[in-house]
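One structure is given here, and the rest of the page talks about it.
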Amino acid sequence: MDGTFPIGARAVDSDITFLAIDPSTDAKIEPAFAVSSEADVADACKLAAAAFDTFREIDPEARAVFLETIADEIEAIHEPLVARAIQESGLPRPRLEGERGRTTGQLRLFAKHLRAGTWASVVIDQAQPDRKPMPRSDLRQRRIAVGPVAVFGASNFPLAFSVAGGDTASALAAGCPVVVKGHPAHPGTSVMVGKAIQAAVAKCGLPEGVFSLVQGPANELGAALVTDPRIKAVGFTGSRGGGLALVALAAARPEPIPVYAEMSSINPVILFPAALAARGEALGKAYVGSLTMGSGQFCTNPGIVVAVDSPDLDVFVAAAAAALGEAAPQVMLTPGIHASYEQGVSALAGHDAVETLARGTEAEGANRGRAALFSTTGKAFVADPALSHEVFGAASIIVRCTDLAEVRSVLEKIEGQLTITLQIDEGDHADAAALLPVLERKAGRILANGWPTGVEVAPAMVHGGPFPATSDPRTTSVGSAAIERFLRPVCYQDLPDALLPKAVKHGNPLGLPRTEG
Ligand SMILES: NC(=O)C1=CN([C@@H]2O[C@H](COP(=O)(O)OP(=O)(O)OC[C@H]3O[C@@H](n4cnc5c(N)ncnc54)[C@H](O)[C@@H]3O)[C@@H](O)[C@H]2O)C=CC1
Ligand SMILES: O=C(O)CCC(=O)C(=O)O
Numbered sequence: 001m002d003g004t005f006p007i008g009a010r011a012v013d014s015d016i017t018f019l020a021i022d023p024s025t026d027a028k029i030e031p032a033f034a035v036s037s038e039a040d041v042a043d044a045c046k047l048a049a050a051a052f053d054t055f056r057e058i059d060p061e062a063r064a065v066f067l068e069t070i071a072d073e074i075e076a077i078h079e080p081l082v083a084r085a086i087q088e089s090g091l092p093r094p095r096l097e098g099e100r101g102r103t104t105g106q107l108r109l110f111a112k113h114l115r116a117g118t119w120a121s122v123v124i125d126q127a128q129p130d131r132k133p134m135p136r137s138d139l140r141q142r143r144i145a146v147g148p149v150a151v152f153g154a155s156n157f158p159l160a161f162s163v164a165g166g167d168t169a170s171a172l173a174a175g176c177p178v179v180v181k182g183h184p185a186h187p188g189t190s191v192m193v194g195k196a197i198q199a200a201v202a203k204c205g206l207p208e209g210v211f212s213l214v215q216g217p218a219n220e221l222g223a224a225l226v227t228d229p230r231i232k233a234v235g236f237t238g239s240r241g242g243g244l245a246l247v248a249l250a251a252a253r254p255e256p257i258p259v260y261a262e263m264s265s266i267n268p269v270i271l272f273p274a275a276l277a278a279r280g281e282a283l284g285k286a287y288v289g290s291l292t293m294g295s296g297q298f299c300t301n302p303g304i305v306v307a308v309d310s311p312d313l314d315v316f317v318a319a320a321a322a323a324l325g326e327a328a329p330q331v332m333l334t335p336g337i338h339a340s341y342e343q344g345v346s347a348l349a350g351h352d353a354v355e356t357l358a359r360g361t362e363a364e365g366a367n368r369g370r371a372a373l374f375s376t377t378g379k380a381f382v383a384d385p386a387l388s389h390e391v392f393g394a395a396s397i398i399v400r401c402t403d404l405a406e407v408r409s410v411l412e413k414i415e416g417q418l419t420i421t422l423q424i425d426e427g428d429h430a431d432a433a434a435l436l437p438v439l440e441r442k443a444g445r446i447l448a449n450g451w452p453t454g455v456e457v458a459p460a461m462v463h464g465g466p467f468p469a470t471s472d473p474r475t476t477s478v479g480s481a482a483i484e485r486f487l488r489p490v491c492y493q494d495l496p497d498a499l500l501p502k503a504v505k506h507g508n509p510l511g512l513p514r515t516e517g
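Structure below.
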């Protein structure tokens, strides 16, 4: 692997470099990677703008083949890619192998979605020349790509939410050229995937500007990308502060653009009485499994459990505390993320209204996150917003409520969420139904008798939700519906057939599904 990054068809180098850090040892890892300059960002955006009109109009079948070619190129480097991602993220091999599969799987899902054609949302309102009192024009609507898209790779998913992750796959599927700002925690992984996409662009004979990657440790690089006038939308997964900074930059541009930022979520789990009575102990163990997976570094991590106080809840708490007390420390993604986890855990441990129920086993080695389990009362939770802030890592708080009305007050108090989970049995259905309208107002995904971590990549998935889970609750960043963020409708009124794009021509040469008005 060399340290260059792909801008269009070129491999770009620089005298200014940075190194990745192995979070398991704090050691620097070779090779050094070139730091992209603002001129590189401008070059990437210029190429992307030049590629746009060609790329967005290639047939859906050609874009589908392109996405499949990217998947093939990534599969061809599976072993070195996973090895590098392990070194740069500290995540275990099975997790990264699964994530590699999810990454190529989602590229192929978008290829299938392109072939199905519904994404183009073609609507034809035939002309009615004899309509009285006024004739109706011929109206033809389709959706086109919004323009070049900036994507920010996430630290916690070096593959599935990074260079060829869901944001990139959905933007490319829509017909948008993409400029990725790689996450500085995994530059080697980013470059390997970036070069795989670059190879796919060349193999498919597409314009070189369809894809570029810029990277470096400074936030200014991301700011330059978001404020480049050729960028028309942004996809981001990361911190609330980072997401909001990008939203502010995008809104302050002479031409404001949408930012689809996935930020902060504590993913409440509500334990209902009949479920607790039937399987409190098993639920306690399963909860800790979901909480500690991947050192808790999922935005879907169950950060809060809400339940009515009872002896059955005590059984759950005892089982969870026992399981968590045995949880081994796990390497966190970066020294910064580890430090911010420790800070969040200390703040909760030192809070007057919070009891520490259990900590994971002692940590040895660099950046090891020790799991943490806390409890508080519904009253204290409602009184102090600080108790509902995300602690990114394997920390969670159990909120003991006096009755279901207090459970409702807790849920009303929390901010927007990616997920809310119900643990219910049949005897709980009436209570759960009464809460459903609150849950729908608060979350993008409501699930029963499962755990929120591990998002299925599928057409019906919603990985989104009201602020601060995301900056725009109308969409999803996972699943084929993610393409909709990067499309906009255009209506063609009375254009002669010769001028109409293929998608809306009278003979329907692309065979796209149509709604006739
Ligand atoms: N909810 C979630 O899914 C995730 C949340 N996090 C949270 O974020 C914290 C820091 O982790 P990171 O992954 O490094 O997230 P981050 O938000 O600090 O950085 C993500 C990307 O955005 C860029 N960025 C951040 N602030 C920026 C600004 N003001 N202007 C321009 N670019 C900016 C960074 O350079 C990086 O490429 C974690 O401790 C955790 O709290 C991290 C990963 C996922
Ligand atoms: O739980 C998952 O599979 C996805 C989580 C996620 O989107 C994130 O942590 O950024």
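Position 307 (the sequence shown) corresponds to 307 in full-length UniProt numbering; numbering is contiguous. Here a beta-carbon is modelled for each residue, glycine too, at the ideal position from N, C-alpha and C.
Using a cutoff of 8 Å, the CB of Ala154 counts as near ligand 1, since one of the ligand's heavy atoms is closer than that. For Ile197, the enclosing alpha helix (DSSP H) starts and ends at Pro187 to Lys203. Pro92 carries a coil assignment under DSSP once its states are collapsed to helix, strand and coil. Considering only Thr361, Tyr260 and Ala503, the residue with the shortest C-alpha distance to Ser121 is Ala503.
For His463, the shortest C-beta to heavy atom distance toward ligand 2 is below 8 Å. A check of alpha carbon separations from Val82 across Arg95, Asp72, Ile70 and Glu440 identifies Arg95 as the nearest.
Setting aside the 5 residues that flank it on each side, Gly235 is surrounded in the same chain by Val151, Asp167 and Tyr260, each with a C-beta closer than 6 Å to its C-beta; the list follows chain order. Separation of Ala164 and Glu30 (C-alpha to C-alpha, rounded to the nearest whole angstrom) is 23 Å.
With respect to Arg485, Pro256 sits apart: the two C-beta atoms are not nearer than 9 Å. Taken atom to atom, the span from the alpha-carbon of Pro513 to that of Val214 is near 38 Å.
Of the candidates Ile397, Phe157 and Thr54, Ile397 places its Cα closest to the Cα of Pro302. Counting only the Cα atoms, His113 lies some 11 Å from Ala169.
With contacts defined as CB atoms closer than 9 Å, Phe298 and Tyr341 fail to qualify as a contacting pair. For the stretch 230 to 277, the continuous alpha helix (DSSP H) assignments of 4+ residues that do not extend past its boundaries occur at 240 to 251, in sequence order. Secondary structure at Arg84: helix, using DSSP grouped into helix, strand and coil.
Sorting Gly101, Ser89, Phe55 and Arg93 by C-alpha distance to the C-alpha of Ala76 places Gly101 at the top. Its Cα nearest to that of Ala27, the residue Thr334 stands out among Thr334, Pro148 and Val12. Here Ala321 is near Ala358, since their CB atoms are less than 9 Å apart. With fewer than 16 other Cβ atoms inside 10 Å of its own Cβ, Thr402 counts as exposed.
Secondary structure note for Pro489: its beta strand (DSSP E) is the uninterrupted segment Leu487 to Gln493.
For ligand 1, a non-hydrogen atom lies closer than 8 Å to the CB of Ile337. Remark: the shortest separation between the CB of Cys299 and any heavy atom of ligand 1 falls under 8 Å.
Excluding the 5 residues flanking it on each side, Ala372 has same chain C-beta neighbours closer than 6 Å at Val345, Arg359 and Ala395, in chain order. Secondary structure at Lys379: helix, using DSSP grouped into helix, strand and coil. In the same chain as Ala307, and ignoring 5 residues on each side of it, the C-beta atoms closer than 6 Å to its own belong to Leu271 and Leu313, in chain order. Looking at the backbone, the Cα of Ala71 and that of Thr103 are separated by about 8 Å. In the DSSP assignment, Thr227 falls within the unbroken alpha helix (DSSP H) covering Asn219 to Thr227. Residue state for Lys28 is assigned as strand, using DSSP reduced to three classes.
Around the CB of Asp138, 16 or more other CB atoms lie within 10 Å, so the residue is classed as buried. When DSSP states are grouped into helix, strand and coil, Ser290 belongs to the helix group.
Apart from sequence neighbours up to five positions away, the residues of its chain that approach Leu404 with a beta-carbon distance below 7 Å are Val308 and Asp431, ordered along the chain.
Shown here, Ser36 sits in coil according to DSSP, grouped into three states, outside any helix or strand. Ligand 2 approaches Thr237 closely enough that one of its heavy atoms is under 8 Å from the residue's Cβ.
Counting every other CB atom within 10 Å of its CB across the protein chains shown gives Asp43 a total of 16 or more, marking it as buried. For Glu73, the enclosing alpha helix (DSSP H) covers residues Pro60 to Ala76. Comparing alpha-carbon positions, the option among Ala48, Glu208, Ile414 and Ile304 lying closest to Arg400 turns out to be Ile304.
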